[in-house]
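Structure, as structure tokens:
2 protein chains.
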Amino acid sequence: MPSNAPITGNAVIGQSGGPTAVINQSLVGVIEGLAASDAVTKILGARHAVSGIIKNDFIELQDIPQERLDRIAQTPSAALGSSRDKPDAEYCKKIFDVFAKQNVRYFFYIGGNDSSDACRIVNELAKANNYELRCFHVPKTIDNDLVHNDHTPGFGSAAKFVAQAFMGDNLDNRSLPGIKINIIMGRHAGFLTAAAMLGKQNEDDGPHLIYVPEAAFDLEKFKADVAEVYGRLGRCLIAVSEGIHDHEGTPIASKLAADVEKDAHGNVQLSGTGALGDHLADALKDHLGKNTRVRADTFGYLQRCFAGCVSPTDAKEARLAGRKAAELALSGDLDGSIAIQRVSNSPYEVEYKRIELSDVAAKTQTLDPKYIVNGNSIDPSFRDYLGPIVGDLPVVESLRGK
Amino acid sequence: MPSNAPITGNAVIGQSGGPTAVINQSLVGVIEGLAASDAVTKILGARHAVSGIIKNDFIELQDIPQERLDRIAQTPSAALGSSRDKPDAEYCKKIFDVFAKQNVRYFFYIGGNDSSDACRIVNELAKANNYELRCFHVPKTIDNDLVHNDHTPGFGSAAKFVAQAFMGDNLDNRSLPGIKINIIMGRHAGFLTAAAMLGKQNEDDGPHLIYVPEAAFDLEKFKADVAEVYGRLGRCLIAVSEGIHDHEGTPIASKLAADVEKDAHGNVQLSGTGALGDHLADALKDHLGKNTRVRADTFGYLQRCFAGCVSPTDAKEARLAGRKAAELALSGDLDGSIAIQRVSNSPYEVEYKRIELSDVAAKTQTLDPKYIVNGNSIDPSFRDYLGPIVGDLPVVESLRGK
């Protein structure tokens, strides 16, 4: 029977989907939030997300000293292990069997939009089975593509990595001029690719061209764009999202692989291969001449878990999102998802709001069209949005004329 | 006529070859060293190395305030611009014409082994033409492959990048288990690839396998190695040098490209393509089954210029190597190359010694065979060598049993 008092029982926390540099901040935030109440006896960490629950594979988390919690929070990637399993009704039945057996009354699932959908399914089955479960999704994704969120934990640190990578690569490309393509993670949303522009200081700094999945990609226009910049500056640094697709919506990357790999959510494998970058580099060499210096790097998994590249704001917000979920679960018979919403930009301030699971589950937020200029660049106003999330970047200085 | 007194005239500084995160420390070190003497009137920075000299394209560097010098020193990549031109006798004749016209009596060339060879050629032609020139090579290469050097400026910061990348990727791979291949820069020397092991803390941490160019690469053995680790741990993280070659010495990467690109030094293009990683990933999928999760990332140019990932020791040594070259040039009619040699490991201490240009030019140092175990891993004693050069790594903490 629903009540506003904390229900006595155990809690389960899972971490799902692709890891981030700050996903353990959220884990520790939930643990800290729950520690405030006597209602929660054991805090069980599910090893490898839902797959650990059905195997009854848990780590007890309630007695970890604060110092160790702080070190775990600072460690990139999912300390509990992750999974890409998408639970169906049968899968969820197994989850309930374990929850009932362990008297689990609090469930926290830290993840992205596929993970929030998994959370929604578990929650709905709990309701259908009259099993009282306080079920919260804690946002996490470097893709920054959760609706009703100004931005998501994990994105700020990944964006910092991308911005710093481009700052260095712009200087590298200036030093040894040529054409350089960098492929950035992002299936449907171009936020992370757009972050490549954050470190630009001078008018002629790269990236000179930015291609996001929100704008249809046309190879002929791409070649003409690059030829124009290269002709003008003698070099060209390009940011390309792995998720770019043609006018029919077919990802360019999927057209390259004869035999495309898909995960349980039906997503085509985009990362972990250099094929897209190499394809675009070859197209440019064909267009501009074989002796043109064209290179392509695919940033790959470094973007989400590089040790030592964390946005302090991102780390703090990830921690507080976890704490907020625990506080709400303890404060009443609630379920939902935590959304980070920006209250003001100067001074930068956010709030952590409860939204319905069904409002966020399996939905995708994309880059506001106002930021996409000519299908090949990002408006400078994107800095106002991104800057406070990423924080300070390294100082660089050039020797040019001035 | 040779003398031990500083000769009055101008100085030229160039930065050559692939840039690094600390190559501007050496530039600033030379400038600071020269500033101590009244003998040097103008300090001319050659834009894009030797190619800037013959075009008379210089930036004056003698009047830059210290604060700005410090910011330049902290900026990755070559602030003067770089080049891969290899000067022949005719090219050097043009260099002398410019030097004579500008009364250049001091020449500092910051670069790797190809660059030290360029420096040697310029120096020998100067001698043959009875042109008094104090000509110094300042070491720089992320490959760490200069002979008579314990290690080279640029390597420590690149090694830090690789170590931090592997720390994060090991946690990522633990979180979502599978097979992961990371391709590391290094044509003939495996130092940077070997650095992947520095962040290992637990027995089962990755990288589990490391392949360097110093050991012949056998695809069948590679597949068997990976199958063994994957069978035992359920995951496998692998570091592979871009320069791996077969028993005949043919680079594996060059066998993949129908039409291989070469630079002026005859070097085949290895970086800026994901082909080698994708090839190895495909071979593993064929061997272990198409549904095996295999991913490959090629770290590419991020390794040498990522903004915000610098070893403090590397930065300091790069600066002092530049200063030492200037001091020696001012102290007598000398030429040579600066070599960093380790005096003691505990406490860590190095000295900066003058060696002959011909001792270092176009020679390659490779990894001591004592570090290479079974052709697929690096001995733990490599930490004693590498640790002090890289400095502190981020603290990570796991949730496992203990």
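If you're matching them up, the sequences are chains A and B in order. Each residue of the first sequence is one higher than the one before, starting from 657 at the first, in the numbering used here. Each residue of the second sequence is one higher than the one before, starting from 657 at the first, in the numbering used here. Don't be surprised by glycine CBs; every beta carbon is placed ideally from N, CA and C.
Reduced DSSP category for residue i - H, G, I as helix; E, B as strand; rest coil
| i | result |
| --- | --- |
| B/Thr954 | strand |
| A/Arg843 | coil |
| A/Asn785 | coil |
| A/Pro968 | helix |
| A/Lys796 | coil |
| B/Val803 | coil |
| A/Glu780 | helix |
| B/Val696 | strand |
| B/Met657 | Residue placement at B/Met657 is poorly supported in this model, since its pLDDT is 44, which falls under 50; the coordinates still yield a value, given next. In the structure shown, B/Met657 sits in coil (DSSP, three-state: anything other than H, G, I, E or B). |
| A/Gly670 | strand |
| A/Val706 | helix |
| B/Asn1030 | coil |
| B/His935 | helix |
| A/Ile1011 | strand |
| B/Arg740 | coil |
| A/Glu870 | coil |
| B/Leu944 | helix |
| A/Phe755 | helix |
| A/Val1006 | strand |
| B/Pro809 | coil |
| A/Pro907 | strand |
| B/Val1051 | coil |
Proximity to residue i [Cα-Cα], best of the options
| i | options | result |
| --- | --- | --- |
| B/Pro907 | B/Leu854, B/Ala977, B/Gly956 and B/His844 | B/His844 |
| B/Met841 | B/Gln857, B/Gly810 and B/Val684 | B/Gly810 |
| A/Tyr1041 | A/Asn1001, A/Ile1028 and A/Thr664 | A/Asn1001 |
| A/Pro1044 | A/Ala851, A/Ser993, A/Thr731 and A/Ala871 | A/Ala851 |
| A/Ile996 | A/Gly737, A/Lys1019, A/Val1046 and A/Pro795 | A/Pro795 |
| B/Val950 | B/Arg1056, B/Ser910 and B/Gly834 | B/Gly834 |
| A/Val754 | A/Leu789, A/Ile709 and A/Ala729 | A/Ile709 |
| A/His804 | A/Gly1031, A/Ser1037, A/Glu1053 and A/Asp1015 | A/Asp1015 |
| B/Pro662 | B/Asp806, B/Arg790 and B/Gln857 | B/Arg790 |
Rounded straight-line distance, which links the Cα of residue j to that of residue i
| i | j | result |
| --- | --- | --- |
| B/Pro863 | B/Asn826 | 7 angstroms |
| A/Ala677 | A/Arg975 | 12 angstroms |
| A/Asp1024 | A/Lys879 | 25 angstroms |
| B/Val686 | A/Ile894 | 34 angstroms |
| A/Arg830 | A/Ala981 | 47 angstroms |
| A/Arg1039 | A/Lys1026 | 13 angstroms |
| A/Met657 | A/Asn786 | Confidence at A/Met657 is low in this model, with a pLDDT of 44, below 50, so its placement is unreliable and no value can be given for it. |
| B/Glu973 | B/Val1046 | 12 angstroms |
| B/Ile1034 | A/Ile1028 | 47 angstroms |
| A/Phe873 | B/Leu725 | 43 angstroms |
| B/Leu832 | A/Gly670 | 13 angstroms |
| A/Leu936 | A/Pro732 | 32 angstroms |
| A/Lys1058 | A/Gly992 | For A/Lys1058, the predicted model reports a pLDDT of 38, less than 50, meaning its position is unreliable and no value from the coordinates is stated. |
| B/Asp713 | B/Ala705 | 10 angstroms |
| B/Thr1020 | B/Asp801 | 5 angstroms |
| B/Pro1050 | B/Ala782 | 48 angstroms |
| B/Ile1011 | B/Ala971 | 22 angstroms |
| A/Val1052 | B/Leu932 | 33 angstroms |
| B/Arg740 | B/Ser771 | 8 angstroms |
Closer than 9 angstroms to chain B by CB, residue i
| i | result |
| --- | --- |
| A/Asp825 | yes |
| A/Arg979 | no |
| A/Ala934 | A small fix is needed here, since residue 934 of chain A is Asp in this sequence, not Ala. A/Asp934 counts as touching chain B. |
| A/Leu848 | no |
| A/Gly930 | yes |
| A/Ile715 | yes |
| A/Ala937 | yes |
| A/Lys742 | no |
| A/Lys836 | yes |
Short CB-CB distance (under 9 angstroms) between residue i and chain A
| i | result |
| --- | --- |
| B/Arg830 | yes |
| B/Gly945 | no |
| B/Gly701 | yes |
| B/Arg843 | no |
Cβ-based contacts, 7 angstroms cut-off: residues of the region 722 to 738 of chain B near chain A: Of all residues in the region 722 to 738 of chain B, Arg724, Arg727, Ile728, Gln730, Thr731, Pro732, Ser733, Ala734, Ala735, Leu736, Gly737 and Ser738 have a Cβ within less than 7 angstroms of some Cβ in chain A.
Members of the region 1035 to 1057 of chain A that neighbour chain B once the beta carbon cut-off is set at 9 angstroms: Leu1049, Pro1050, Val1051, Val1052, Glu1053, Ser1054, Leu1055, Arg1056 and Gly1057
Where the region 948 to 964 of chain A meets chain B: residues whose CB sits under 9 angstroms from a CB there: The region 948 to 964 of chain A vs chain B, Cβ under 9 angstroms: Arg949, Val950, Arg951, Ala952, Asp953, Thr954, Phe955, Gly956, Tyr957, Leu958, Arg960, Cys961, Phe962, Ala963 and Gly964.
Residues of the region 661 to 689 of chain A whose Cβ lies closer than 8 angstroms to any Cβ of chain B, in chain order: Gln671, Gly674, Pro675 and Ala677
Near-chain B residues of the region 848 to 875 of chain A (beta-carbon distance less than 8 angstroms), N- to C-terminal order: Residues of the region 848 to 875 of chain A whose Cβ lies closer than 8 angstroms to any Cβ of chain B, in chain order: Gly855.
Residues of the region 803 to 821 of chain A whose Cβ lies closer than 7 angstroms to any Cβ of chain B, in chain order: Gln820 and Ala821
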